[in-house]
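Residue numbers (this note's numbering), protein chains in the order written: chain A, 1 to 110; chain B, 1001 to 1146.
We put the beta carbon where it would ideally sit given N, CA and C, even for glycine.
Below is one structure, written out as structure tokens, with a few remarks after it.
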């Protein structure tokens, strides 16, 4: 499934790197612990988190993640969005909680 | 498969303690280098995890540090040395879940006590040397599959 399909089905707002919507999503990983994501997420996962600081961009890049979904309408600073854009990391936001987001993704990707 | 290079490739990156905004830069640059050299994908994945954790530890705990690497046809050696507080009890620090990170670092999603274990899990050889008050040296080797 493409990231664009997930954006459509979950009504996500695309904040950065529209080119990444073509990414193939192989799975999903839900965690706010960055070392957990580093250690246990897989290539092509879309990452669901409430973290919004700079390090999420490096994590997504180093782990070849398909994109980041930031939950609960948490605001993301402009500097972070600019950095994500320059590093080709797709950031998506939603008003859904992590639980709701994960539930919907599970239905789509299981 | 051995890497097709004529001679070993070395390099290093400086890491500034406390600089969370550029965290991951050294690991990302090393990863790009490995991608460019067509290193095995699994090795790249393991190296990215191990180096980023090591880099984060320097940023969280130390004043400054350096990540240096040596790429040979059959393995990569990565060293991270820092001018930090050192680790009092390495065995305890290696336990999953043990962390001395301050609360604000934990709020960022770091300090889960997974850093050193992640480094060990993702390398074939792993060694920590540390002197309290002086710093820490981490040495990791990742072999290319035959």
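Limits of the alpha helix (DSSP H) - the one that residue i falls within
i, result
"residue 84 of chain A", "78 to 86"
"residue 1134 of chain B", "Element bounds for residue 1134 of chain B: n/a, residue is neither H nor E."
"residue 1061 of chain B", "1041 to 1061"
"residue 2 of chain A", "Per DSSP, residue 2 of chain A belongs to no alpha helix (DSSP H) and is neither H nor E."
Continuous beta strand (DSSP E) stretch holding residue i: start and end
i, result
"residue 93 of chain A", "91 to 93"
"residue 1126 of chain B", "1125 to 1131"
"residue 1071 of chain B", "1064 to 1071"
"residue 45 of chain A", "45 to 49"
"residue 1027 of chain B", "Segment 1025 to 1036 is the alpha helix (DSSP H) holding residue 1027 of chain B; no beta strand (DSSP E) there."
"residue 22 of chain A", "No beta strand (DSSP E) contains residue 22 of chain A, which DSSP labels as neither H nor E."
"residue 1014 of chain B", "1009 to 1016"
"residue 54 of chain A", "Taken as a continuous stretch (DSSP letters only), residue 54 of chain A belongs to no beta strand (DSSP E), as it is neither H nor E."
"residue 30 of chain A", "27 to 30"
Among the options, the one whose alpha carbon lies nearest that of residue i
i, options, result
"residue 52 of chain A", "A:64, A:31, A:41 and A:43", "A:31"
"residue 56 of chain A", "B:1060, B:1023 and B:1064", "B:1023"
"residue 1013 of chain B", "B:1054, B:1127, B:1075 and B:1099", "B:1054"
"residue 1123 of chain B", "B:1111, B:1009 and B:1052", "B:1052"
"residue 67 of chain A", "A:42, A:77, A:78 and A:79", "A:42"
"residue 1020 of chain B", "B:1062, B:1070 and B:1041", "B:1062"
"residue 1049 of chain B", "A:38, A:48 and A:44", "A:38"
"residue 18 of chain A", "A:28, A:7, A:27 and A:61", "A:7"
"residue 1126 of chain B", "B:1101, B:1011, B:1078 and B:1098", "B:1078"
"residue 82 of chain A", "A:63, A:40, A:61 and A:54", "A:54"
"residue 1136 of chain B", "B:1114, B:1066, B:1027 and B:1042", "B:1066"
"residue 1041 of chain B", "B:1107, B:1001, B:1108 and B:1132", "B:1001"
"residue 23 of chain A", "A:46, A:9 and A:35", "A:46"
CB contact below 9 Å: residue i versus chain A
i, result
"residue 1110 of chain B", "yes"
"residue 1001 of chain B", "no"
"residue 1056 of chain B", "yes"
"residue 1052 of chain B", "yes"
"residue 1078 of chain B", "no"
"residue 1062 of chain B", "no"
"residue 1071 of chain B", "no"
"residue 1138 of chain B", "no"
"residue 1090 of chain B", "no"
"residue 1049 of chain B", "yes"
is_contact[residue i, chain B] using C-beta, thresh 9 Å
i, result
"residue 23 of chain A", "no"
"residue 64 of chain A", "yes"
"residue 58 of chain A", "yes"
"residue 1 of chain A", "no"
"residue 49 of chain A", "yes"
"residue 35 of chain A", "yes"
"residue 61 of chain A", "yes"
"residue 45 of chain A", "no"
"residue 55 of chain A", "yes"
"residue 39 of chain A", "yes"
"residue 5 of chain A", "no"
Near the ligand NAD: residue i beta-carbon under 8 Å from a heavy atom
i, result
"residue 74 of chain A", "Among the components modelled here there is no ligand, and therefore nothing to report on the ligand NAD."
Discussion item. Is it the case that the segment 91 to 106 of chain A contacts the segment 1 to 14 of chain A, given that we only count it when at least three CB pairs across the two stretches are under 8 Å?
Written reply: yes
Worksheet item: Should the segment 94 to 103 of chain A be regarded as contacting the segment 58 to 77 of chain A, the criterion being three or more beta carbon pairs within less than 8 Å?
Response: yes
Worksheet entry | Near-chain A residues of the segment 1004 to 1031 of chain B - C-beta to any C-beta below 7 Å | 1020, 1021, 1023, 1024, 1027, 1028 and 1031
Discussion item. Taking beta-carbon pairs under 9 Å, can you tell me which members of the segment 1110 to 1136 of chain B lie near chain A?
Written reply: 1110, 1111, 1112, 1113, 1114, 1115, 1117, 1118, 1121 and 1122
Fill in: Inter-stretch contact at 8 Å, needing at least 3 Cβ pairs: the segment 1025 to 1034 of chain B / the segment 1107 to 1121 of chain B
no
Worksheet item: Counting pairs of beta carbons, one from the segment 1070 to 1078 of chain B and one from the segment 1088 to 1106 of chain B, are three or more of them closer than 8 Å?
Response: no
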